[in-house]
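One structure is given here, and the rest of the page talks about it.
Protein chains: 2
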Amino acid sequence: MATSPSAGSPDLPAWQLGDHGSAAQRERRQRILDATLGLASKGGYDAVQMRTVAEHADVALGTLYRYFPSKTHLLVTALGREFHQAHTKLRRTKIPGNTPSQRMLHVLAKTTRRMQRDPHLTEAMTRAFMFADATAATEVDTVSKLMDRTFAATMSANGEPDEQQLAIARVLSDVWLSVLVAWVTRRASASDVTDRLERTVRLLLD
Amino acid sequence: MATSPSAGSPDLPAWQLGDHGSAAQRERRQRILDATLGLASKGGYDAVQMRTVAEHADVALGTLYRYFPSKTHLLVTALGREFHQAHTKLRRTKIPGNTPSQRMLHVLAKTTRRMQRDPHLTEAMTRAFMFADATAATEVDTVSKLMDRTFAATMSANGEPDEQQLAIARVLSDVWLSVLVAWVTRRASASDVTDRLERTVRLLLD
DNA sequence: TGAATAACTAAAACGTGTTCTATATCTCGT
DNA sequence: ACGAGATATAGAACACGTTTTAGTTATTCA
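Next comes the structure, spelled out in structure tokens:
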């Protein structure tokens with residue numbers, strides 16, 4: 001039977017699989033994700049070619065597909081790993097600002113800056129996320145929920161967000177994604193991104 | 001020189017090119033868009049294969065590419081044509097409801113129903129729209145602006161929307177797109193779609 | 001009208017995501 | 001330590017978007 005290397009374990013998000021499979025398998029997976037991020041960062045979505053990823057990660061093409069059943073799964077999983085890092089980092093730091101609105105604007109500005117610093121990577125992840133079909137729903141959902149929770153936690157200053165805050169966080173995630181798509185297609189400049197996000201925060205939180 | 005059949009005319013959105021090119025060309029273009037919508041409606045994004053579209057439209061593959069430089073351009077243009085129809089139709093009818101919020105909910109519900117009626121078509125257009133890269137920016141922007149204006153007009157009861165309403169319309173467009181993506185990947189059910197939209201309207205308009 | 005130019009057609013060819021095949025290597029239970 | 005089953009490898013093969021080539025049909029305009 002053709003199973004994945006993590007077969008038999010509960011199907012956790014792939015960047016959490018650090019303790020599943022043999023050491024060699026964990027290393028392979030990390031090499032694959034590293035290669036993916038490297039290529040994406042260098043040349044965007046189109047530069048992440050499955051053959052190239054396999055080469056850089058020093059695995060056979062078939063093995064790559066055993067670990068990640070499609071380019072979309074691969075990129076979205078990589079995105080998940082990045083998001084997870086950003087999320088835990090954010091959890092550890094104290095977000096400046098006295099009101100939910102201020103904190104939100106701070107985090108949004110920071111994230112926007114981060115994305116501008118690596119436009120190719122941003123393009124690759126955004127397009128993968130948006131192009132995903134139902135087979136990658138699990139991976140996409142993981143990232144989506146993580147984003148919602150990050151924004152919600154920002155507003156509540158890392159306490160437990162209430163229902164209202166979660167709803168607002170979801171709307172902000174949506175606007176964020178949409179603006180991201182516009183930015184990737186160059187229909188929106190960096191300041192457009194900031195503008196629209198600030199406007200939305202003001203509509204929702206003031 | 002390899003020009004497009006509409007070369008020489010100002011670059012209007014393709015569904016507005018009814019008065020450019022020869023009659024034969026106008027008919028070819030319509031046949032192509034019709035074939036696209038037919039295939040999309042039947043089998044979604046994957047069923048819209050360039051060779052198949054060309055066959056159904058009774059043009060050579062090379063001709064198809066002369067009219068639409070990529071699958072994305074093709075699908076987004078088709079989406080534009082549909083949106084344009086819906087928009088003008090909406091403009092002619094009186095939207096029920098006394099408050100912006102009520103009218104908005106009415107239109108959103110109606111649009112949601114329409115999309116559910118043809119899930120394959122929705123999937124095809126959504127994925128094309130979201131996957132578009134910078135080369136299709138014009139087409140995507142046309143659709144995006146049309147969507148914003150439709151929502152804004154809904155709130156203002158077909159009068160001229162003010163700045164505030166346009167900002168709200170944009171947010172709703174963003175949420176709409178995002179929810180659409182979630183629906184396409186089956187991460188959100190039909191009632192999830194309605195729920196999230198209603199919640200957003202309430203956050204923004206009440 | 002006739003020659004130049006543009007548009008169209010048919011079909012081959014190319015690039016990249018994905019799948020398949022045959023073989024080799026690893027891992028684990030006995 | 002051994003044999004069975006799972007994993008990994010190299011590479012061919014396939015599918016579909018896209019480009020290219022060669023030849024045919026329209027269109028234009030002098």
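Sequences listed follow chains A and X, in order.
Take the first sequence: its position 74, counted from the start at 1, is 74 in UniProt numbering, and no numbers get skipped.
Take the second sequence: its position 196, counted from the start at 1, is 196 in UniProt numbering, and no numbers get skipped.
Positions of the beta carbon are idealized from the N, C-alpha and C atoms, including for glycine.
Note that the structure is a prediction, hence the values are computed from the model and not measured.
(request) Excluding the 5 residues preceding and the 5 following residue 140 of chain A in the sequence, name in chain order all residues of the same chain whose CB lies nearer than 8 Å to its CB. (result) 76, 129, 132
(request) Determine, using beta carbons only, whether residue 185 of chain A comes closer than 7 Å to chain X. (result) yes
(message) Among A:33, A:50, A:189, whose alpha-carbon lies nearest the alpha-carbon of residue 115 of chain A?
(response) A:189
(message) Measuring straight from C-alpha to C-alpha, what distance separates residue 204 of chain A and residue 51 of chain X?
(response) 47 Å
(request) Inspect the CB distances between the region 51-69 of chain X and the region 87-105 of chain X and report whether three or more fall short of 8 Å. (result) no
(message) Please state the DSSP three-state secondary structure of residue 94 of chain X.
(response) coil
(request) Identify, in the order they occur along the chain, each residue of the same chain with its Cβ nearer than 6 Å to the Cβ of residue 183 of chain X, setting aside the five sequence neighbours on each side. (result) 193
(message) Relative to the C-alpha of residue 175 of chain X, which candidate in X:195, X:160, X:159, X:163 has its C-alpha closest?
(response) X:195
(message) Going by DSSP in three states, residue 123 of chain X sits in which element: helix, strand or coil?
(response) helix
(message) residue 62 of chain X and residue 123 of chain X - do their beta-carbons sit closer together than 7 Å?
(response) no
(request) Return no unless some Cβ of chain X is closer than 7 Å to the Cβ of residue 199 of chain A. (result) yes
(message) Rounding to the nearest angstrom, what Cα-Cα distance links residue 215 of chain X and residue 25 of chain A in this structure?
(response) Residue 215 of chain X cannot be examined here, being either before or after the span of chain X that is shown, 1 to 206.
(message) Please confirm whether residue 171 of chain X has its beta-carbon closer than 7 Å to some beta-carbon of chain A.
(response) yes
(message) Tell me whether the region 85-101 of chain X and the region 147-166 of chain X touch, counting them as touching only if at least three CB pairs, one residue from each stretch, are closer than 8 Å.
(response) yes
(request) Compute the beta-carbon to beta-carbon distance between residue 173 of chain X and residue 206 of chain X, rounded to the nearest angstrom, for a pair I have assumed lies under 8 Å. (result) The Cβ separation is near 19 Å, so there is no contact.
(message) Would you say residue 131 of chain A lies against chain X (beta-carbon separation less than 7 Å)?
(response) yes
(request) Taking only beta carbons into account, state which residues of the region 136-159 of chain A come closer than 8 Å to chain X, listed in chain order. (result) 136, 137, 140, 141, 144
(request) Pick helix, strand or coil for residue 20 of chain A, following the three-state DSSP scheme. (result) coil
(request) Kindly indicate which three-state DSSP category residue 100 of chain A falls into: helix, strand or coil? (result) helix
(request) Would you verify that the beta carbon of residue 10 of chain A is, or is not, closer than 7 Å to some beta carbon of chain X? (result) Only weak support is given to the placement of residue 10 of chain A: the predicted model assigns it a pLDDT of 34, under 50, and the value that follows is read from those uncertain coordinates. Not an interface residue.
(message) Does residue 7 of chain X come out as helix, strand or coil in the three-state DSSP assignment?
(response) The pLDDT assigned to residue 7 of chain X is 41, lower than 50, so where the model puts this residue is not dependable, and the model offers no usable value.
(message) Looking at chain X, is there any beta carbon in it that lies within less than 7 Å of the beta carbon of residue 118 of chain A?
(response) no
(request) Please confirm if residue 24 of chain A has its CB atom under 7 Å from at least one CB of chain X. (result) no
(request) Could you tell me whether any Cβ in chain X is nearer than 7 Å to the Cβ of residue 175 of chain A? (result) yes
(request) Note down, in chain order, all residues in the UniProt domain "HTH tetR-type" (26-86) of chain X with a beta-carbon under 7 Å from any beta-carbon belonging to chain A. (result) none
(request) Using a cut-off of 8 Å between C-beta atoms, extract the partners of residue 166 of chain X located in chain A. (result) Near residue 166 of chain X there are no residues of chain A at all, since even the closest Cβ is about 10 Å away, more than 8 Å.
(message) Rounding to the nearest angstrom, what Cα-Cα distance links residue 162 of chain X and residue 169 of chain X in this structure?
(response) 10 Å
(message) Please tell me whether residue 128 of chain A has its Cβ less than 7 Å away from any Cβ of chain X.
(response) no
(message) According to DSSP, is residue 186 of chain A part of a helix, a strand, or is it coil?
(response) coil
(request) Check whether the Cβ of residue 178 of chain A lies closer than 7 Å to any Cβ atom in chain X. (result) yes
(message) I'd like the list of long-range same chain contacts for residue 85 of chain X, defined as Cβ closer than 7 Å, with 5 residues on each side in sequence excluded.
(response) none
(request) Count the other CB atoms, across all protein chains shown, that sit within 10 Å of the CB of residue 191 of chain X; report buried if there are 16 or more and exposed otherwise. (result) exposed
(message) List, in chain order, every chain X residue whose beta-carbon is nearer than 8 Å to that of residue 196 of chain A.
(response) 170
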